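Last residue of the sequence shown: 208 (the numbering used here), numbering continuous.
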Amino acid sequence: MRCPVTFSSLPISPARQLECARHFVRQQMPLVEPIGPLPRERAGKIKVAYLSADFQRHPVGHGIVGVLEQHDRARFEVHGVSHGVDDGSEIRARIVAAVDHFHNI
């Protein structure tokens, strides 16, 4: 069975490429039941988790801290999940303070 990406280099139509990709997925992935529509009203806050090795003095750390600080805490429960080192930087401290729960893994 060829990967669908292989077909993208061939002179075949997008519709045929989609057909090949769907066939590939049906062959490779088990059939799963759809979970159905989610209820419109949820009890409690929406939980969001951010995972990174760069919650520190790093471009990612500097870029994400503002996003974390701007979450609407009335609607969202924010988790930071770090699998990187704690460099003791000011940006790391801001990230830890900007989330509801911070996890080192």
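Heads up, the beta-carbon is just placed ideally off N, CA and C, and yes, glycines get one too.
All values reported here derive from a predicted model rather than from experimental measurement.
(request) Using DSSP bridges, identify the partner residues of H204. (result) H182
(message) Buried or exposed, going by whether 16 or more other CB atoms sit within 10 Å of the CB of A201?
(response) buried
(request) Take every Cβ of the segment 177-197, pair it with every Cβ of the segment 142-160, and state whether three or more of those distances are shorter than 8 angstroms. (result) Pairwise C-beta distances place the segment 177-197 in contact with the segment 142-160, as three or more of them are shorter than 8 angstroms.
(request) Return helix, strand or coil for A152, following the three-state DSSP convention. (result) strand
(request) Taking only the alpha-carbon atoms, compute the straight-line gap between P133 and H126 and give it to the nearest angstrom. (result) 12 angstroms
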